[in-house]
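Written out below as structure tokens is the structure these notes cover.
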Amino acid sequence: MQRYKVAVCQMIIHQEKEKNLVRAREMIGRAAKRGARLVVLPEMFNCPYVARLFPQYAESYPEGPSLQMLSRTAREEGVYLVGGSLPERDGDQVYNTSFIFAPDGRLLGKHRKMHLFDVELASGLTVKESSTLGAGNQVTVIPSELGDLGVAICYDIRFPELMRLMVLKGARVVVIPAAFNMTTGPAHWELIFRMRAIDNQAYFIGASPARDPMAPYVAYGHSLVVDPWGNVVSMAREGEEIIYAEIDLDLVEKIRSELPLLRHRRTDVYALELLAP
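Here UniProt numbering is used: the first residue of the sequence shown is 1, the next is one more, and so on.
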């Protein structure tokens, strides 16, 4: 399928998991009724973005209520669903994980956030994801009838090597559930998504929670879709809303043909390789 509609659900995140699940289900349904074939939720869509709370909200596949809702909703609405991310429990370890479902409800794959957000910003914001989360080690590209989808999470986008590896594995659309904050968001959000799209000549989709000034971690919002030429084709404001955009895979091929960055790489001089299994 060379053209299809994507929807990004920018939702307010509440303390109550069930409230988040009900809202996500409703927004996915609205997006499907508008013709979206691919629907994307935000990072940590089922819980507050607070590192110490992640283990309390963590779920294991397939029995977790959030995961069951995502699978069931993808099937009922007939959409490809990138379920934002949520705390995933695997044995004694918790990961920040994005689960991707097919229109028949099958799990197509998952991405565990590779780069953990451990920062102390001059604004006073301190986050240490590694205090409760483990790091993934897989480059995630999901084959589908919509084309190969690259999936990563938030801080991962700041590492251009990972983005390029996804594209070299075939991704023409890269989906990033992300919760930039009120320091990094105004400075880097739009800039970094546009630059990664230009570097890799691919669509880049950023799915943020809506901004809640009363939350312990205030997300920037401004979910967006950027085309392979670096144009922002759709962008949300700060509050809760669904944005839509058309993905045109022919445009990806046109731009890569006219400005063949990937073919012009000097692989005789430098190389990028995946060392992890």
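Cβ coordinates follow ideal geometry from the N, Cα and C atoms, glycine included.
Whole angstroms are fine: how far does the CA of residue j sit from the CA of residue i?
| i | j | result |
| --- | --- | --- |
| G105 | E88 | 18 angstroms |
| K110 | D248 | 24 angstroms |
| H264 | E258 | 12 angstroms |
| D90 | D156 | 21 angstroms |
| P48 | T267 | 43 angstroms |
| A215 | S123 | 16 angstroms |
| Q56 | S223 | 27 angstroms |
| L272 | L261 | 15 angstroms |
| A236 | V174 | 18 angstroms |
| E63 | K17 | 15 angstroms |
| Y95 | E120 | 21 angstroms |
| I142 | D148 | 5 angstroms |
| E238 | H188 | 16 angstroms |
| G35 | M163 | 28 angstroms |
| G29 | S144 | 21 angstroms |
| K128 | Q93 | 16 angstroms |
| D118 | A135 | 12 angstroms |
| V33 | Y270 | Just to set this straight, residue 33 is Lys in the shown sequence, not Val. Straight-line Cα distance between these residues: approximately 47 angstroms. |
Less than 8 angstroms between the beta carbons of residue i and residue j, yes or no?
| i | j | result |
| --- | --- | --- |
| S131 | A51 | yes |
| I100 | V151 | yes |
| residue 282 | E190 | In this structure the chain extends from 1 to 277, so residue 282 is not present and cannot be described. |
| L116 | L133 | yes |
| F204 | V226 | yes |
| P103 | R72 | no |
| S85 | I153 | yes |
Round the Cβ separation of residue i and residue j to the nearest angstrom and send it over; I've been treating them as touching at under 8 angstroms.
| i | j | result |
| --- | --- | --- |
| S98 | G78 | Not a contact, Cβ separation roughly 20 angstroms. |
| F45 | A24 | 6 angstroms |
| L165 | L274 | 6 angstroms |
| A171 | E43 | Wrong, their Cβ atoms sit about 19 angstroms apart, outside the cutoff. |
| P160 | D212 | Actually they do not touch by this definition, with Cβ atoms about 31 angstroms apart. |
Please work out which residues of its chain come closer than 6 angstroms, Cβ to Cβ, to residue i, disregarding the five sequence neighbours upstream and downstream, and give them in chain order.
| i | result |
| --- | --- |
| R256 | Q201 |
| A31 | A7, V39, I242 |
| T140 | H111, V151 |
| A245 | V6, V225, V233, S234 |
| R194 | V226, G230 |
| Y61 | L67 |
| C9 | M27, L41, I242 |
| V167 | N200, A202 |
| I176 | A152, I157, G206 |
| H14 | N20 |
| K169 | V141 |
Counting only the same chain and skipping the five closest in sequence on each side, list residues whose C-beta sits under 8 angstroms from that of residue i.
| i | result |
| --- | --- |
| P186 | Y220 |
| V218 | N181, M182, R211, D212 |
| M11 | N20, R23, A24, M27, L41, P42, F45, P209, A210, E240 |
If you drop the 5 nearest sequence neighbours on each side, which residues of the same chain put their C-beta closer than 7 angstroms to that of residue i?
| i | result |
| --- | --- |
| L125 | N181, T183 |
| L146 | M1, Y4, R37, L38, Y80 |
| P228 | A197, Q201, A202, Y203, L251, V252, I255 |
| L21 | N46, P65, S66, M69 |
Would the C-beta of residue i count as close to the ligand SAH, meaning under 7 angstroms from any of its heavy atoms?
| i | result |
| --- | --- |
| Y217 | The model on display carries no ligand, and the ligand SAH is accordingly not part of it. |
Every unbroken beta strand (DSSP E) within the segment 205-231, with a cutoff of 3 residues, ordered by chain: 224-226
May I have a chain-ordered list of the alpha helix (DSSP H) segments no shorter than 4 residues that lie completely inside the segment 38-125? 54-57, 65-77
Ignoring anything shorter than 3 residues, give me the beta strand (DSSP E) runs that lie fully in the segment 133-165, in order along the chain. 149-151
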